[in-house]
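Report on the structure given below.
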Amino acid sequence: MAAISVQDLAIGFGGSAIQEHLTFQVGTGEVFLILGGSGCGKSTLLRHLIGLQAPMAGSIEIAGIGDPLDSIAGKPAFGVMFQSGALFGSMTLAQNVGLPLRRWTNLELSTIETIVRWKLRLVGLDGFENHLPSEISGGMKKRAGIARAMALETNLLFLDEPSAGLDPVSAVELDELILTLSAGLGMTIVIVTHELESIFKIGSRCIMLDKEARGIIAEGDPRVLRDDPPNFKVRTFFRRLPAGGI
Amino acid sequence: MCPPPPRSTCRAWSAWTGGAAAVLAEAWGDALRGGAAVSFQNASGEVGSILALYTERAARDCLRPPPKRESTLTQIGRETVVKLVVVKRILAFIGHMLQATGSALRNPRTLNWEGIWRLMERHGTDGAPIALLIAFLIGLITAFQASVQLAQFGADSLVADLVSLSLTRELAPLMTAIVIAGRSGASIAAEMGTMQVSEEVDALRTMGFDPYRYLVFPRLLVLMIITPLMTLLADGVGILGGLGIAVAQLDVSPLSYLLSVRNALDLWDVFGGAIKGVVFGAIVALTACERGLGTTGGAEGVGRATTSAVVAMMFYLVLADTLFAVLFNLYGV
Ligand SMILES: Nc1ncnc2c1ncn2[C@@H]1O[C@H](COP(=O)(O)OP(=O)(O)O)[C@@H](O)[C@H]1O
Ligand SMILES: [Mg+2]
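Residue numbers (the working numbering), protein chains in the order written: chain A, 1 to 246; chain B, 1001 to 1333.
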């Protein structure tokens, strides 16, 4: 069964589309990758999937909640980690992660504290509970963002470039975490990325967007696409060649 | 027999730049498009490698035509549309705000009182010294000017009346609001703008928090409380400033100064000023949040939003003050 199903979606700003005719499905329990060069509209597509922006055309349906635009004000049915982490600067990491729990559960404060400590531990940030976001590095902010996205135990997660800008060790750890979440908890995880190493390690299925083509130029298992690229742009992407360099 | 291709030799070039390569590459491209077969031969070393860098990929045609000069009519039309969009945005903001206020007032227990208290401190207590110092100086200046002018008519005894009335009705509310706009308004606009561009506002929304309810409403509430309070304090401090001048310059005893103040003021003068304070506080908070949340375009956008928020606040404050003057006059307050 499809966790997310997108039909003929067009996205853009101020009446001009940056991607059109997007049709794809994300299966339940899948780690699904959205690939593409920078500026091609990956983050924008994600904003549509989580209901922050209304489509110019087409429809998005998330299993269990329907159109994400309608569900935005209620209890979150999914967790989101934004590209920059988007932690609240005036709150400590523990307060950041605890925020959705305090809003949407009736748990005792001490229970929330325990949950928060474990979530932070899961992303390798134990000990940093009382740090402010300005006091930790960019990679740590992203991991804290993931902990916050997981706080409510939803089984759908959206991550925007989780490993971009991380040091290699943290990036590998993050990939492991994603694999664990997906395998252990059966979470559906949608990831925007262009880190080749993580792509082959974690992703079972991907779509690749292209700026000029304004649409999906490839879809499927990233390893298969790498070994047998359907077109020149896909080959360029996976071989890390400069665009148009051949 | 075809003629030998024209050939140009640049043998003596030893140093050259990317700019020269660009000019050469442009000529090369033009010649290719014109159907000529042109090639570079024997370019060696640095020259060869830079030339290769510039000519290895065919240039893409410009994706967008250069910006056209618009006729006056088009400009007027476009600006009108822009203004209408702004009006629409402001109306939408007001609509959201009413909704959020309603929901907050219905469940006041769900408000983050601790956070509101912190905002009170930051925008009220921390801002009070500068606002009150300015009020004191304004009282001083007013009394000084009044004493010089009124002395010419032997009416120095009216200094207390003039100072107290102009302060409570006009100067204290407006000056306090302007100080709060410059201090708290700018900081709120920058804060909201930063949260907007760093996706924090989006994060709030995806966690089911309405930004109007959780960000704007507390700030609105706080400024609507502290602005009138600060105005009342400014009344008192300004009148004290006037007292200083009256005693030093005019040989009026402090007691008789204060008595004249008491006789000159009625409750409505002070109360009217406080009402202005409530409205001015709302204007500052709403304008700051509206501009801040409308920020686009990174760090530079935050700067732009802050500037535009402060300018807009000043304008709305003076506009509202004018309306108050008309209204108070109409109802004989
Ligand atoms: N608020 C906006 N208004 C207009 N254009 C935007 C806005 N945000 C992004 N864009 C444009 O949309 C395109 C896609 O952006 P984005 O989705 O962030 O790309 P990426 O694939 O790198 O995540 C970019 O070319 C960008 O210039
Ligand atoms: Mg992006």
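The beta carbon of each residue, even a glycine, is placed where N, CA and C say it ideally should be.
- Between Leu1223/B and Val1311/B the beta-carbon gap is near 18 Å, outside 8 Å, which marks them as no contact.
- For Val234/A, the Cβ stays outside the 8 Å cut-off from all heavy atoms of ligand 1.
- Of all residues in the segment 84 to 102 of chain A, those with a C-beta nearer than 7 Å to a C-beta of chain B are Ser84, Ala86, Phe88, Leu99, Pro100, reading in chain order.
- Under the DSSP assignment, Asp8/A falls in the beta strand (DSSP E) whose first and last residues are 2 to 13.
- Judged by beta-carbon spacing, Arg205/A lies within the 9 Å limit of Phe32/A, meaning their Cβ atoms are closer than that value.
- DSSP places Gly220/A inside the beta strand (DSSP E), whose first and last residues are 215 to 220.
- Taking all protein chains in view, the Cβ of Glu1199/B is crowded by 16 or more other Cβ atoms within 10 Å, so the residue is classified as buried.
- For Thr188/A, the pairing in a beta bridge is given by DSSP as Leu156/A.
- Between Leu159/A and Ile199/A a beta carbon distance of about 13 Å is seen, past the 8 Å cut, so the two are scored as non-contacting.
- Counting only runs of 4+ residues, the alpha helix (DSSP H) found wholly inside the segment 50 to 127 of chain A occupies 68 to 71, 93 to 104, 109 to 122, in chain order.
- Here Asp1266/B carries a coil assignment [DSSP, helix/strand/coil].
- Glu161/A has its CB nearer than 8 Å to a heavy atom of ligand 2.
- DSSP places Arg205/A inside the beta strand (DSSP E), whose first and last residues are 205 to 210.
- For Gln1041/B, the three-state secondary structure derived from DSSP is coil.
- In this structure, the alpha-carbon of Ala1299/B lies about 10 Å from that of Ala1190/B.
- Cβ proximity to chain A below 7 Å picks out Ser1198, Glu1199, Glu1200, Asp1202, Ala1203, Arg1205, Thr1206, Met1207, Gly1208, Phe1209, Asp1210 from the segment 1178 to 1212 of chain B.
- Here the distance from the Cβ of Thr44/A to the nearest heavy atom of ligand 1 is below 8 Å.
- Here the segment 51 to 68 of chain A makes no contact with the segment 29 to 43 of chain A; the two share fewer than three CB pairs at distances below 8 Å.
- The C-alpha of Phe1324/B lies about 48 Å from the C-alpha of Gly145/A.
- Distances taken from the Cβ of Ser38/A to the heavy atoms of ligand 2 include one shorter than 8 Å.
- Fewer than three beta-carbon pairs drawn from the segment 95 to 113 of chain A and the segment 1219 to 1234 of chain B are found closer than 8 Å, and the two stretches are therefore not classed as touching.
- Ile207/A is not a Cβ neighbour of Gly1208/B, given a cutoff of 9 Å.
- DSSP places Gln19/A in the uninterrupted beta strand (DSSP E) bounded by 16 to 27.
- Residue burial is scored here from C-beta neighbours: Gln1075/B has fewer than 16 other C-beta atoms within 10 angstroms and is therefore classed as exposed.
- In the structure shown, Phe32/A adopts extended strand secondary structure according to DSSP, grouped into three states.
- Contact check for Gly1277/B against Thr1176/B passes: the beta carbons are separated by less than 9 Å.
- The alpha-carbon of Gly1154/B is positioned some 16 Å away from that of Ser1260/B.
- Between ligand 1 and the CB of Thr1296/B, the shortest heavy atom gap is smaller than 8 Å.
- Excluding sequence positions up to five before and after Leu107/A, its CB lies within less than 7 Å of the CB of Leu101, all in the same chain and listed in chain order.
- In terms of beta-carbon proximity, Trp104/A lines the interface with chain B, with at least one pair separated by less than 9 Å.
- Taking C-alpha positions only, Thr23/A is separated from Gly58/A by approximately 9 Å.
- Of all alpha-carbon atoms in Val1047/B, Thr1142/B, Ile1050/B, the one lying nearest the alpha-carbon of Thr1168/B is that of Thr1142/B.
- By the Cβ test, the segment 219 to 235 of chain A is not in contact with the segment 39 to 58 of chain A, since fewer than three Cβ pairs between them sit closer than 8 Å.
- Annotation: Cβ neighbours of Gly74/A in chain B (cutoff 9 Å, chain order): Gly1208.
- Arg235/A is outside the set of residues whose beta carbon lies under 9 Å from a beta carbon in chain B.
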